[in-house]
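Colleague: The structure under discussion is supplied below as structure tokens; questions concerning it will follow.
In structure tokens:
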């Protein structure tokens with residue numbers, strides 16, 4: 001209530017007039033009332049009423065926040081966060097080595113960045129994740145939908161069809177092996193058509209369309225509340241050409257990162273970005289580093305770098321707040337993103353599970 | 001889309017005038033500013049500016065389509081998804097041939113046959129659909145002056161003797177291959193930018209650029225300081241225009 005008039009989100013001209021008339025705190029404004037306000041600073045009654053409503057919303061929003069309501073300023077204890085994190089789902093990648101390295105899979109509410117040279121498998125992983133996010137909960141997935149924002153044009157529908165068919169087949173094998181009620185019921189809705197119709201695809205041709213789309217994302221996600229994954233394939237591409245003003249680029253990228261963090265937290269979605277590699281020419285050697293500069297490196301919480309070693313593809317966990325750095329090999333098969341060796345068929349231990357949704361997967365044997 | 005004028009984004013007239021006084025006329029300029037700058041420039045409150053931002057974003061954001069709709073659209077016209085190269089093993093590896101709607105790059109050491117391959121693809125594209133072609137014109141941007149019309153006719157005559165039996169058919173085919181000789185990066189870029197209208201008017205079904213590397217290497221010496229950035233600028237700009245053309249018209253590039 002003692003909030004300064006200068007800090008209220010009113011129009012600048014209005015603020016200037018209020019300051020000139022001698023108003024200092026929001027309390028004074030509310031006491032004056034719309035008619036008095038309009039007479040004192042010379043604006044119409046409607047404008048005065050609007051201004052007072054804004055002020056009231058701000059002040060009451062602040063009061064509700066301090067009472068522990070669900071405003072924008074969140075206060076948690078670490079214990080609450082721990083419970084929330086343990087109950088949180090992961091989006092599996094179907095490559096168990098990569099899932100282990102990531103601590104279970106791609107985490108919700110966090111931004112994961114995948115960097116790599118061209119052709120190493122970034123878009124393949126994105127398409128795999130867009131299918132995997134839709135796996136029903138009884139099979140260990142998060143049963144969500146996916147938003148795919150494509151700036152490079154490398155999204156191939158036929159490939160997604162292949163990946164989705166393999167995923168449905170995998171779930172069918174599990175269902176047949178375990179023969180449980182909810183498995184069979186979930187399989188009825190988990191079909192090729194439903195997977196494809198829950199991938200929302202946007203094709204952005206330049207950075208303005210990308211910015212516009214990210215501004216509209218919160219609204220889209222409130223309408224489609226089941227979305228649990230936002231993929232931006234190629235965040236570097238529109239920003240790497242036609243930018244003479246590098247400081248503008250940094251500013252836009254930071255704004256984008258902040259928007260994405262808000263989206264990830266508010267809607268409990270995972271955000272996956274793919275980045276390109278660029279060559280940094282040092283004193284005597286040149287190294288491949290992720291593109292878009294140093295300050296962009298802070299935007300992502302988890303960073304994966306894909307690279308080649310002779311003819312084997314490797315994935316390195318480069319930055320993560322909770323997991324150790326590790327490098328694992330992976331394969332791209334006609335079925336999608338997979339491990340290098342077929343994993344052994346493991347017997348499931350009894351019911352010592354913390355999370356009933358995360359039933360251990362039974363891997364099928366490679367044909 | 002980015003250069004869309006704010007007037008057409010359904011903003012009020014006086015707001016547009018106010019913004020144009022600060023040199024903000026397109027959606028791109030509007031979206032590049034931060035919220036505080038927008039408040040200062042438009043003179044409106046925080047919430048109003050957020051609403052304006054949503055309005056402008058909606059004016060230039062791309063349309064949503066689900067993957068299912070895309071698949072349906074593709075399955076409606078399956079034959080137009082690829083240009084078969086008539087080399088069976090290559091077609092097998094490419095799952096049908098050179099894909100329509102995306103960029104394909106052919107690289108090799110000199111003398112392996114890239115230009116020959118391009119000439120053959122031009123012949124294939126002019127063939128009618130029943131023979132596996134695209135029945136359309138070809139735009140061939142040649143930077144090395146390596147295109148030979150005689151070789152073109154030789155390939156056509158030897159490969160499809162039954163089809164090119166009359167002179168008239170040969171003339172028809174050669175008339176639909178449009179050759180542009182560009183020798184500098186600048187002119188290549190200008191040519192690519194001007195392609196959109198030509199594609200529509202001449203019913204072009206294939207774009208070939210032979211080759212990108214030669215013209216770039218001639219002009220940009222990577223040892224000099226600023227050239228690396230300029231070179232990648234030129235390449236990415238060209239690439240994004242070509243991608244847009246390929247997708248928009250569903251043709252191979």
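Residue numbers (full-length UniProt numbering), protein chains in the order written: chain A, 1 to 367; chain B, 1 to 253.
Positions of the beta carbon are idealized from the N, C-alpha and C atoms, including for glycine.
Jot down the residue ranges of each uninterrupted beta strand (DSSP E) in the stretch 191-233 of chain B, minimum 3 residues, whole runs only, in chain order.
Modeller: Qualifying beta strand (DSSP E) stretches, in chain order: 204-210.
Colleague: Since residue 11 of chain B meets chain A, which of its residues come closer than 7 Å, beta carbon to beta carbon?
Modeller: Here residue 11 of chain B corresponds to residue number 11 of the second chain, with the count starting at 1. What residue 11 of chain B touches in chain A: nothing, since even the nearest Cβ is about 14 Å away.
Colleague: If we count Cβ pairs, one from each stretch, closer than 8 Å, do we get three or more for the stretch 130-144 of chain A versus the stretch 161-170 of chain A?
Modeller: Yes, the stretch 130-144 of chain A touches the stretch 161-170 of chain A.
Colleague: When you compare only the Cα positions, how much space is there between residue 235 of chain B and residue 249 of chain A?
Modeller: Taking the first residue of the second chain as 1, we reach residue 235 of chain B at position 235. Taking the first residue of the first chain as 1, we reach residue 249 of chain A at position 249. Going from the Cα of residue 235 of chain B to the Cα of residue 249 of chain A covers about 19 Å.
Colleague: Helix or strand or just coil, what does DSSP make of residue 34 of chain B?
Modeller: Along the second chain, read from residue 1 onward, the residue named residue 34 of chain B stands at position 34. Coil.
Colleague: What is the DSSP secondary structure of residue 310 of chain A, reduced to helix, strand or coil?
Modeller: Taking the first residue of the first chain as position 1, residue 310 of chain A is located at position 310. Three-state DSSP puts residue 310 of chain A in coil, outside helix and strand.
Colleague: Taking Cβ positions, are residue 32 of chain B and residue 216 of chain A nearer each other than 8 Å?
Modeller: Mapped onto the second chain, residue 32 of chain B falls at position 32. Mapped onto the first chain, residue 216 of chain A falls at position 216. Their beta carbons are not under 8 Å apart, which means residue 32 of chain B does not touch residue 216 of chain A by this criterion.
Colleague: Name the DSSP bridge partner or partners of residue 273 of chain A?
Modeller: Sequence index remark: in the first chain, residue 273 of chain A carries index 273 (1-based). BP columns for residue 273 of chain A point to A/113 and A/232.
Colleague: Determine the extent of the alpha helix (DSSP H) in which residue 251 of chain A is found, giving its start and end residues.
Modeller: In the first chain, residue 251 of chain A corresponds to position 251, counting from 1. First-last of the alpha helix (DSSP H) with residue 251 of chain A: 246-266.
Colleague: Determine which residues of the stretch 152-175 of chain A have a Cβ less than 7 Å from any Cβ of chain B, and write them out in chain order.
Modeller: Result list: 153, 157, 160 and 161.
Colleague: Residues of chain B with a CB under 9 Å from the CB of residue 202 of chain A: which are they?
Modeller: Walking along the first chain from the start, residue 202 of chain A turns up at place 202. Per Cβ cutoff of 9 Å: 61, 62, 63, 64 and 65.
Colleague: Quick one: what's got a C-beta closer than 6 Å to residue 48 of chain A's C-beta in the same chain, skipping five residues either side?
Modeller: Numbered from its first residue, the first chain carries residue 48 of chain A at position 48. Taken in chain order, the residues that qualify are 34, 37 and 38.
Colleague: In the DSSP assignment, what residue or residues form a beta bridge with residue 64 of chain B?
Modeller: Locating residue 64 of chain B in the second chain gives position 64, counting from the first residue. In DSSP, residue 64 of chain B forms a bridge with A/202.
Colleague: Roughly how far, in whole angstroms, is the beta-carbon of residue 122 of chain A from the beta-carbon of residue 301 of chain A, given that I think they are within contact range, below 8 Å?
Modeller: The sequence position of residue 122 of chain A within the first chain is 122, counting from 1. The sequence position of residue 301 of chain A within the first chain is 301, counting from 1. So it is not a contact: roughly 18 Å between Cβ atoms.
Colleague: Using alpha carbons as the reference points, say which of B/208, B/209, B/207 and B/228 lies closest to residue 217 of chain B.
Modeller: Walking along the second chain from the start, residue 217 of chain B turns up at place 217. Of the listed residues, the one whose Cα sits closest to residue 217 of chain B is B/228.
Colleague: Indicate whether at least one CB of chain B lies closer than 8 Å to the CB of residue 65 of chain A.
Modeller: Within the first chain, residue 65 of chain A is the residue found at index 65, counting from 1. Because residue 65 of chain A sits at a pLDDT of 46, beneath the cut-off of 50, its placement in the model cannot be relied upon, and the point is left open.
Colleague: State the DSSP-derived secondary structure class of residue 26 of chain B, mapped to helix, strand or coil.
Modeller: To locate residue 26 of chain B, count along the second chain from 1; it is residue 26. If DSSP states are grouped into helix, strand and coil, residue 26 of chain B belongs with the strands.
Colleague: Run down chain B in chain order and give the residues with a C-beta less than 9 Å from the C-beta of residue 240 of chain A.
Modeller: The residue given as residue 240 of chain A occupies position 240 in the first chain. Here the neighbours are 232, 233 and 236.
Colleague: For residue 10 of chain B, name the three-state secondary structure that DSSP assigns.
Modeller: Taking the first residue of the second chain as 1, we reach residue 10 of chain B at position 10. The answer is coil: DSSP assigns residue 10 of chain B none of H, G, I, E or B.
Colleague: Considering just the uninterrupted stretch of the alpha helix (DSSP H) at residue 167 of chain B, what are its terminal residues?
Modeller: Here residue 167 of chain B is taken as the residue at index 167 of the second chain, counted from 1. Taken as a continuous stretch (DSSP letters only), the alpha helix (DSSP H) holding residue 167 of chain B covers 167-175.
Colleague: Exposed or buried, residue 5 of chain A, counting other C-beta atoms within 10 Å across all chains shown (16 or more means buried)?
Modeller: For the purposes of this step, residue 5 of chain A is taken as the residue at position 5 of the first chain. It counts as buried.
Colleague: Would you decide whether residue 138 of chain A is buried or exposed? Buried here means 16 or more other CB atoms lie within 10 Å of its CB.
Modeller: Mapped onto the first chain, residue 138 of chain A falls at position 138. So residue 138 of chain A ends up on the buried side.
Colleague: Does residue 158 of chain A come out as helix, strand or coil in the three-state DSSP assignment?
Modeller: For this step, residue 158 of chain A is matched to residue 158 along the first chain. Three-state DSSP puts residue 158 of chain A in a helix.
Colleague: Do the stretch 231-247 of chain A and the stretch 189-205 of chain B meet, that is, are 3 or more Cβ pairs less than 8 Å apart?
Modeller: Because the criterion of three Cβ pairs below 8 Å is not met, the stretch 231-247 of chain A and the stretch 189-205 of chain B do not touch.
Colleague: Residue 174 of chain B and residue 137 of chain B: beta carbons closer than 8 Å?
Modeller: As a first step, residue 174 of chain B must be located in the second chain, where it is residue number 174. As a first step, residue 137 of chain B must be located in the second chain, where it is residue number 137. Not in contact: residue 174 of chain B and residue 137 of chain B (Cβ atoms no closer than 8 Å).
Colleague: Looking at the unbroken beta strand (DSSP E) that takes in residue 123 of chain A, where does it start and where does it end?
Modeller: Looking up residue 123 of chain A in the first chain gives position 123. Here residue 123 of chain A belongs to no beta strand (DSSP E); instead the alpha helix (DSSP H) covers 122-132.
Colleague: When DSSP labels each residue in this structure, what does residue 227 of chain A get in the three-state scheme?
Modeller: As a position in the first chain, residue 227 of chain A is number 227, starting the count at 1. In the structure shown, residue 227 of chain A sits in a strand (DSSP, three-state: E or B).
Colleague: Mind checking which residues open and close the alpha helix (DSSP H) that includes residue 339 of chain A?
Modeller: The sequence position of residue 339 of chain A within the first chain is 339, counting from 1. Where residue 339 of chain A is concerned, there is no enclosing alpha helix (DSSP H), given that its DSSP letter is neither H nor E.
Colleague: Residues in the stretch 277-291 of chain A with C-beta within 9 Å of chain B's C-beta atoms, listed in sequence order?
Modeller: Residues 278, 279 and 281.
Colleague: Who are the neighbours of residue 255 of chain A on chain B, taking C-beta pairs under 8 Å?
Modeller: Walking along the first chain from the start, residue 255 of chain A turns up at place 255. Within chain B, the residues near residue 255 of chain A are 34.
Colleague: Taking Cβ-Cβ distances shorter than 9 Å, what residues in chain A pair up with residue 5 of chain B?
Modeller: Within the second chain, the letter at position 5 stands for residue 5 of chain B. Per Cβ cutoff of 9 Å: no residues; residue 5 of chain B is ~13 Å from chain A at best.
Colleague: How is residue 325 of chain A classed by DSSP in three states: helix, strand or coil?
Modeller: Position 325 of the first chain, counted from the start, is the residue given in the question as residue 325 of chain A. Note: residue 325 of chain A maps to coil in three-state DSSP.
Colleague: Just to check my reading of the structure: residue 214 of chain A and residue 256 of chain A have Cβ atoms closer than 8 Å, yes? What is that Cβ distance to the nearest angstrom?
Modeller: Taking the first residue of the first chain as position 1, residue 214 of chain A is located at position 214. Taking the first residue of the first chain as position 1, residue 256 of chain A is located at position 256. Rounded, the Cβ-Cβ distance is 6 Å, consistent with contact.
Colleague: In chain order, what residues of the same chain have a beta carbon less than 6 Å from the beta carbon of residue 267 of chain A, not counting five sequence neighbours either side?
Modeller: Residue 267 of chain A sits at position 267 when you count from the first residue of the first chain. Closer than 6 Å at Cβ, skipping near neighbours: 221.
Colleague: Does any CB atom of chain B fall closer than 8 Å to the CB of residue 71 of chain A?
Modeller: Position 71 of the first chain, counted from the start, is the residue given in the question as residue 71 of chain A. Because residue 71 of chain A sits at a pLDDT of 41, beneath the cut-off of 50, its placement in the model cannot be relied upon, and the point is left open.
Colleague: Let's test the definition: count the other Cβ atoms within 10 Å of the Cβ of residue 233 of chain A and tell me whether it reaches 16, buried, or not, exposed.
Modeller: Position 233 of the first chain, counted from the first residue, corresponds to residue 233 of chain A. With 16 or more Cβ atoms within 10 Å of its Cβ, residue 233 of chain A is classed as buried.
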